[in-house]
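Residues 4 to 107 (this note's numbering) make up the sequence shown, in order. One structure is given here, and the rest of the page talks about it.
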Amino acid sequence: MIYSSFKNKCLIVFFYIYIYICLPGIIYDVIVEPPNVGSTIDEFGHSKWVAFMSYHVNGQYIMEGMASSFLFLMGGLGFIILDKSNAVGMSKLNRFLSMFLGFV
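Structure follows, in structure tokens:
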């Protein structure tokens, strides 16, 4: 019984790592080889970093994809924590803390 629970937790962790790798477009990054972040010249002639690729509908920088993937995963983990906060034997304080953590 303990082994099957450990196996299920390992599968969930593997699933999240897989989603974190595939969601930001690792295959796209390998094929297209975009830069990590972009840069543009401001009105004073100085170079500054930009996080989002302008004027390219289907293009992305590597950090843009990783950041969006991280936010999607945090949203999914929030839903899982909210679901676990509805357990039967949980104390009131732990229930409120897990609900707060799930919403944040």
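Beta carbons: idealized from backbone N, C-alpha and C, even for Gly.
Among the options, nearest to residue i - alpha-carbon criterion
i	options	result
A90	G79, L80 and M102	M102
I65	H49, I44 and P38	P38
I20	M77, F99, K87 and F82	M77
W52	N61, S42 and E46	S42
L85	I44, F73, S71 and L104	L104
F1	V40, F47, I15 and G81	Residue 1 falls outside the range modelled here, since the chain spans only 4 to 107, and no answer is possible.
N61	K87, N97, G28 and L74	G28
A71	E36, F47 and C25	With the sequence shown as reference, residue 71 is identified as Ser, and Ala is not the correct amino acid for it. Among E36, F47 and C25, the Cα nearest to that of S71 belongs to C25.
Nonlocal neighbours in the same chain, by C-beta distance under 7 Å from residue i, ignoring five residues either side
i	result
F55	E67
Contact test: residue i Cβ vs the ligand SAH heavy atom, cutoff 7 Å
i	result
M77	Absence of the ligand SAH is noted for the structure shown, with no ligands found whatsoever.
Residue i - containing alpha helix (DSSP H), residue span
i	result
V53	From DSSP, V53 is part of no alpha helix (DSSP H) but of the beta strand (DSSP E) over S50 to V53.
L74	I65 to K87
L104	K95 to F106
V35	I29 to V35
Own chain partners of residue i with C-beta closer than 6 Å, once the 5 adjacent residues on each side are dropped
i	result
A100	The sequence given here has Leu at residue 100, not Ala. For L100, where only same-chain residues beyond five positions count, there are no Cβ hits under 6 Å.
I22	none
Enclosing beta strand (DSSP E) for residue i [first to last residue]
i	result
S42	G41 to I44
Sequence-distant residues of its chain with Cβ nearer than 8 Å to residue i (five each side left out)
i	result
D32	I65 and G68
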